Every structure is written in C-alpha cells, then in structure tokens.
Amino acid sequence: MAFIDLHGPLNLGATLLSGQTFRWSPEDGDDGWFRGIVFRNEIRLRQETGCIEFTCTPGPRERVAQIIQDYLRFDDDLTEIYSLLETDDRVKSSIDRYRGMRILRQDPWECLISFICSANNNIPRITRNVEDLASAFGSPILGGTSGNNAFPTAKQLADAGEKALRELGLGFRAKYVAAAAEMVSRAQIDLFSLREASYQEALDALIKLIGVGDKIANCVMLFSLNKLEAFPVDVWIDRALREWYFTPNLETVPRSRMRAWAQRRFGHYAGYANQYLFHDRRMAGQRG
DNA sequence: AGCCAGGCCCTCC
DNA sequence: GGAGGGCCTGGC
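Every position in the first sequence, counted from 1, becomes a number in this note's numbering once 121 is added.
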C-alpha cells in the first residue's frame, strides 16, 4: 500500500470514467477502488482526503508513483485553469458539477489506437475492442490479473496483421489499426516526439495516418500529447455547443468550424473546457 | 427489427 | 471545398 499527496482538486472517478481512456473500471464493492493498466503496470487507485492510495504490480512503487502523478497531470494547476475558464458561465456550470476532473496524460500509442477504434462506434464496444486487443496481442503483466494484459506494442499489432484484427471484431477499423501499427513500428512516425512539436505540427502529422481525421487527432493530442488547446468535436460536443451556445437565435456554426470557434473562445485551455462540456452533456443525456 | 454509435474516406459536384 | 453516401459490428 502506498500514498501520493494531493495538491490540487481531484475527482478520480470522473477523471478515469469520462471517456478519455477505456481501461479503467470500478472494483466490485463500494470501497472506491478503480483498477486499470498504465504503461505495463496494473494499478489500483482510491481517492482519500488529501491523498490517493494505490497498489501496483510489478512496481517498484516509487516509480509507479511518478507514473501516476504524470498520468493524472498533477503538474496542471487546476485552480489557475478554472479561474481562466470560469469566465464562461456554461463552462463554469460544468466545472461546478465535476470539479477535480483532470485531463490525463496517456501513452500516445494506446490513445491513438483506442480512438481509431472509436470511429462510428459505441463506448461499450470500443471498451471491448481495446480489451480484446490487449488480451489477444498484449503481454501479461508480472503479478497482474490473469488476462489483464498490457496494451500491445506497435510491433505486436503489426505482427498480428489486419486479418486477425478484423477477426477480433474491429470491423473496418482493422485496416486503420494495422496501418498505424506498421507506421509506428517502422518508426515512420514518432508519437512521443510530437509532445515537443507545436499543435499544428502534431495535427498535420497525425491526420496523415489513414483513419485519423481532425476529431481523433485532437483526442490524441489532448489526452496524450500535452496539447491542452486541442478541442475534439464529436457528436456530444456538437450537441453541447448547439444547445448551450448557438441557440435560440445566436450565430450558427457548422460542425466543420466548431473547433476553431471554440479554440478562439476558450483559449489555451480549450481542451479542459471541452472535457467538462463533453462529460456534462453526455451525463445530461443519460439523465434524460 | 431496425436505427445508430465519441468519424473518416471517397466520390462527385 | 464541401455535401452526401457507405462502412463492420453489435448495443439498445
């Protein structure tokens, strides 16, 4: 058992279960534990007052503690970000609802493949696709839960090939996943290096990948490449903006121009505004 | 049963 | 350059 001190706000549940990532789930029982896999570590996390508690395998704990802090972006000053975004009344309302929800800093490779799988798909099936990729082609984690493998490397997916990916149930996305695996495993594109690139450079590089358009590229940039100005426009953001900003008789912005509109409006931390609006709108939809 | 899902590609205008 | 149709598969 180990602990990490909290400095800023944290809503662990909203952070892990708000659709940025697909490999976390609450454990059975009502004791607040979440189980997931981050960079070949199986990790259990629980939020307590002033700290988070964790267990991990294979460890060592000190290194995993660093991985967790990096993953949860504890270097982001949420108080500062909130103060900038709360000038917008609608974003402030969403922040008030889910205060402490953080953008994650994920493995760019896993993030890319996960969101390629998200195209014209539903979340239960996306989750299943990602889990199936891991159990079929990923490596077991030492001391980890049986079948709960690490996410497969680019080489592992390239070796699997399009046919096996399609047979796994990825559908038409199998071709895109296979192509991305080839590109990455042959070092035709270096995803981690895009953390040092500008927003526009990273965007240009990502959308060269077949099956990756503006929306998926913005997800990968926001959730794994440190581009907090990224603003993925999906159906939920489309609904949120139309209902909360463009009605009843305000300017109308077509889907193709929503990202630029939002980035100008919300500025450097547009991605945080995106995540709060997205999650709030999606939860509102499920509330009915 | 039939519509639709956290898009993207391709064609055609 | 952008509007419209098609796409694997399975959730609901």
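C-beta atoms are modelled at their ideal positions from N, C-alpha and C, and glycine is treated no differently.
Bear in mind that the values here come from a model prediction, so they are computed numbers and not experimental data.
How big is the Cα-Cα spacing for residue i and residue j?
i      : j      : result
Leu291 : Phe236 : 12 angstroms
Ala308 : Thr373 : 42 angstroms
Ala394 : Phe387 : 7 angstroms
Tyr192 : Gly334 : 25 angstroms
Gly153 : Ser306 : 38 angstroms
Gly268 : Trp382 : 44 angstroms
Ile344 : Gln396 : Position check: residue 344 holds Phe in this sequence, whereas Ile was assumed. So the alpha carbons of these two residues sit roughly 10 angstroms apart.
Phe366 : Ile331 : The identity of residue 366 in the sequence shown is Tyr, whereas the question assumes Phe. Taking the straight line from one Cα to the other gives about 33 angstroms.
Glu364 : Gln277 : 43 angstroms
Phe94  : Ala186 : What the structure shows of the chain is the stretch from 122 to 409, and residue 94 is not part of that stretch, so it cannot be assessed.
Leu131 : Arg165 : 16 angstroms
Met122 : Ala323 : 39 angstroms
Asp359 : Pro273 : 32 angstroms
Tyr297 : Ala326 : 15 angstroms
Ala318 : Ile310 : 13 angstroms
Val209 : Ala391 : Here the sequence assigns Asp to residue 209, which means Val is not the residue at that position. The alpha-carbon atoms of Asp209 and Ala391 are separated by roughly 11 angstroms.
Arg182 : Leu133 : 19 angstroms
Trp357 : Glu174 : 33 angstroms
Gly150 : Arg385 : 44 angstroms
Under the rule that 16 or more other beta-carbon atoms within 10 Å means buried, what is residue i, buried or exposed?
i      : result
Lys348 : buried
Asp155 : Per the sequence presented here, residue 155 reads as Phe, with Asp not at that position. With 16 or more other Cβ atoms within 10 Å, it is buried.
Arg378 : exposed
Asn250 : buried
Pro375 : exposed
Gly259 : buried
Glu148 : exposed
Pro245 : exposed
Ser314 : exposed
Excluding five sequence neighbours on each side, which residues of the same chain lie with their C-beta closer than 7 angstroms to the C-beta of residue i?
i      : result
Glu207 : Lys213 and Ile216
Arg287 : Ala295
Arg144 : Gly157, Ile158 and Val251
Asp198 : Gly129
Gly409 : Per-residue confidence for Gly409 stands at a pLDDT of 43, beneath the threshold of 50, marking its modelled position as unreliable; the derived number appears in the next sentence. Same-chain partners within the cutoff: there are none.
Lys336 : Pro353, Val354 and Asp355
Under 8 angstroms by Cβ, that's how I've got residue i and residue j pegged, so tell me the actual separation to the nearest angstrom.
i      : j      : result
Ala355 : Arg218 : Checking the displayed sequence, the identity of residue 355 turns out to be Asp instead of Ala. Going by Cβ atoms, the distance from Asp355 to Arg218 rounds to 19 angstroms, so no, they are not a contact pair.
Cys177 : Glu163 : 7 angstroms
Ala257 : Gly282 : Actually they do not touch by this definition, with Cβ atoms about 12 angstroms apart.
Ala301 : Leu233 : 6 angstroms
Trp230 : Ala275 : 6 angstroms
Among the options, which has the Cα closest to the Cα of residue i?
i      : options                           : result
Ala338 : Leu312, Thr248, Leu362 and Arg363 : Leu312
His389 : Thr266, Glu252, Asn242 and Ser204 : Ser204
Met304 : Gln321, Ile262, Lys329 and Phe399 : Lys329
Gln227 : Gln190, Arg220, Asn242 and Gly265 : Gln190
Gln321 : Ala301, Ile310 and Glu350         : Glu350
Ser414 : Asp325, Phe293, Gly406 and Pro181 : The question about residue 414 has no answer here: the residues shown for the chain are numbered 122 through 409.
Glu169 : Arg385, His128, Asp325 and Gly406 : His128
Asn270 : Leu133, Phe160 and Asn241         : Phe160
Asp280 : Asp196, Pro261 and Leu254         : Leu254
Thr142 : Gly392, Met404 and Thr248         : Thr248
Using a Cβ-Cβ cutoff of less than 8 angstroms, which residues in the same chain neighbour residue i once the five nearest sequence positions on both sides are dropped?
i      : result
Ala361 : Leu398, Phe399, Asp401 and Arg402
Arg194 : Arg223, Ile224, Leu225 and Arg226
Leu263 : Thr178 and Pro179
Thr136 : Leu193, Gly221, Met222, Arg223 and Leu225
Using a Cβ-Cβ cut-off of 6 angstroms (strictly less than) and excluding sequence neighbours within five positions of residue i, which residues of its own chain qualify?
i      : result
Met342 : Ala323, Lys348 and Ala351
Cys340 : Phe236 and Pro353
Arg380 : Phe352 and Val354
Pro261 : Asn270
Thr266 : none
Ile202 : Tyr390 and Tyr393
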